[in-house]
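Chains as they are written, first to last, in this note's numbering: chain Y, 1 to 315; chain Z, 316 to 517.
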């Protein structure tokens, strides 16, 4: 059996903070690791109250936590994911990470002393590295998810994400008996525009149109590029009167918009189709095809015009 | 799939150990949470990995799942999953004795899970002259898919799980959660030998 000295020697060489407190929250023991990383002297720490030595500790929370360990005699944990750190300690990567203090995983262990008194041992592990890389990973995943939703050219929702939104809004509208309107519009004679100004000119028109329409919409409206020069907008909680109002404003805004490309001024118009959810629609695709038919009517009626789905006029 | 294949005596013995553990754990919990804790006799069933993943995947309503590994002497080890329903996570801070603004809902759920798991398994271990250590509890993302993903990616090979369904009924804070203990095949055999030893001693 190793002697006590060896155990203390090992404890002092561990790359883990070890802190032991009694049931009065006085510090009974700490190891060299903590002495170095907290930059305090043992004489000022051992024998003193933990909350005086480390005023940064959340006192009420920690007391409840430690009470549980004393009472239930079971381990307890605290992860950096919920609390970045408990103790304000220095860490070894101050330059290559942006953590000001050491990120920590803490374990609370119940200890029964030979004299029958109870102690709690707090183990403090440096997880600044883990925290740093996990945070970077989460950020990257978020960016990836974002770019998966966005159309690269126009920076509005791409078709896939837009359709997923519509599917959700459709079932929500069904469940809560809410209104739901759909607007689809297509830029008129876009091919001609591409032929005249080249694809760069056409791209600029798509970008500028998406920008100007975005500025017209409410927060809850969902705007996406449906394909080529066709755009689509989901208007939750909106009836046909409201949808027609938005559609007309879209048509006017596009027709008044002048886009400067190289030395030319490009003007463009749009044909707009509008439909709202009706009893007969069983799937969200029904709503799309009704709106699409209205858009087709707008094209057939000479373009630069708003048309409503036929079955809504007849009803 | 391997089977626990417990004979009647072994089955009774295991049920009894778990009942006693539950009783003592609930007593400790009641003192700690300072409220009356009532729990039913836990149901123990053996489930296959496949059926369990299916059950968890079809259960749309679980709000959170917390995982915590445990390991003791004589090769007894496994992973505990605590599965919560959304409505049960509203007033946990109150129950745990924290101020609601002191900690996030995630932390409350993790904290409670750790308390439930360790309290139960500590008493369970004591019954069989063992002692448990635990890994830090982790919140598996709240959504269902994440839970089945996690199970599908399990690093240790278990094809059998012991499902201990515990319904905690706490006066004033009605909530319940399922505790599921995953025990890998090797550990199941170890539990069997421990049970046999206990039976011999009687």
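Virtual Cβ for every residue (Gly too), placed ideally from N, Cα, C.
Span of the beta strand (DSSP E) around residue 61 of chain Y | Run containing residue 61 of chain Y: none in the beta strand (DSSP E); it sits in the alpha helix (DSSP H), 59-72.
Over what stretch of residues does the beta strand (DSSP E) that includes residue 394 of chain Z continue unbroken?
-> 392-399
Cβ-based burial, residue 145 of chain Y [other Cβ within 10 Å; buried from 16] = exposed
Entirely enclosed beta strand (DSSP E) segments - the region 152-222 of chain Y, minimum 3 residues = 180-187
To the nearest angstrom, how far is it from the Cα of residue 75 of chain Y to the Cα of residue 184 of chain Y?
-> 59 Å
Through-space distance from residue 201 of chain Y to residue 193 of chain Y, alpha-carbon basis = 8 Å
Determine the contact status of residue 275 of chain Y and residue 312 of chain Y, defining contact as a CB-CB distance below 8 Å.
-> yes
According to a CB-to-CB cut-off of less than 9 Å, which residues of the region 379-404 of chain Z neighbour chain Y?
-> So the close ones are 383.
From the DSSP output, which residues share a beta bridge with residue 76 of chain Y?
-> Y:108
Who are the Cβ neighbours of residue 304 of chain Y in its own chain at under 8 Å, not counting the five residues just before and after it?
-> 188, 251, 255, 269, 270, 271
Does residue 172 of chain Y get closer than 8 Å to chain Z when you measure Cβ to Cβ?
-> no
Would you list the one or two residues that DSSP bridges to residue 150 of chain Y?
-> Y:157
By Cβ distance, which residues of its chain are closer than 7 Å to residue 22 of chain Y, with the 5 residues on each side in sequence left out?
-> 28, 117, 119
CA-to-CA distance, residue 259 of chain Y to residue 212 of chain Y, given in whole angstroms | Residue 259 of chain Y has its alpha-carbon roughly 11 Å from the corresponding atom of residue 212 of chain Y.
Considering only the beta carbon of each residue, do residue 432 of chain Z and residue 397 of chain Z sit closer than 8 Å?
-> yes
Would you list the residues sitting across from residue 361 of chain Z in a DSSP beta bridge?
-> Z:477
Validate contact between the region 31-51 of chain Y and the region 8-18 of chain Y using beta carbons, cut 8 Å, 3 pairs | yes
Below 8 Å CB to CB, which residues in the same chain sit around residue 349 of chain Z once its five sequence neighbours on both sides are set aside?
-> 412
Which of helix, strand or coil does DSSP assign to residue 517 of chain Z?
-> In the structure shown, residue 517 of chain Z falls within a coil segment according to DSSP collapsed to helix, strand and coil.
By DSSP, does residue 270 of chain Y sit in helix, in strand, or in coil?
-> strand
Please work out which residues of its chain come closer than 8 Å, Cβ to Cβ, to residue 392 of chain Z, disregarding the five sequence neighbours upstream and downstream, and give them in chain order.
-> 384, 385, 386, 498, 499, 502
Going along chain Z in order, which residues have a C-beta closer than 7 Å to the C-beta of residue 68 of chain Y?
-> 347, 430, listed in chain order.
Using 8 Å as the limit for Cβ to Cβ distance, is residue 425 of chain Z near chain Y?
-> yes
Buried or exposed (CB count within 10 angstroms, at least 16 for buried), residue 328 of chain Z | Label assigned to residue 328 of chain Z: buried.
Please say whether residue 224 of chain Y and residue 148 of chain Y have beta carbons closer to each other than 8 Å?
-> no
CB-CB under 8 Å to residue 266 of chain Y, same chain, minus the five flanking residues each way: which ones, in chain order?
-> Around residue 266 of chain Y: 193, 197, 201, 204, 205, 258, 259, 260.
Does the region 59-75 of chain Y touch the region 90-105 of chain Y, meaning 3 or more C-beta pairs lie closer than 8 Å?
-> no
Please work out which residues of its chain come closer than 8 Å, Cβ to Cβ, to residue 227 of chain Y, disregarding the five sequence neighbours upstream and downstream, and give them in chain order.
-> Correct list, in chain order: 159.
Residues of chain Y with a CB under 7 Å from the CB of residue 412 of chain Z: which are they?
-> 64
Would you say residue 105 of chain Y faces chain Z, with C-beta separation under 8 Å as the test?
-> yes
Can you pull the DSSP bridge partners for residue 236 of chain Y?
-> Y:180
Please classify residue 356 of chain Z: does DSSP put it in a helix, a strand, or coil?
-> Here residue 356 of chain Z sits in coil by DSSP.
Indicate whether residue 170 of chain Y and residue 86 of chain Y have their beta-carbon atoms separated by less than 8 Å.
-> Not in contact: residue 170 of chain Y and residue 86 of chain Y (Cβ atoms no closer than 8 Å).
Chain-ordered chain Z contacts of residue 90 of chain Y [CB-CB under 7 Å] | Within 7 Å Cβ-Cβ: nothing; residue 90 of chain Y doesn't reach chain Z, min ~23 Å.
Taking the CB atoms as reference points, tell me whether residue 454 of chain Z and residue 477 of chain Z lie closer together than 8 Å.
-> no
Taking the alpha-carbon positions, what's the residue 445 of chain Z to residue 177 of chain Y distance?
-> Going from the Cα of residue 445 of chain Z to the Cα of residue 177 of chain Y covers about 58 Å.
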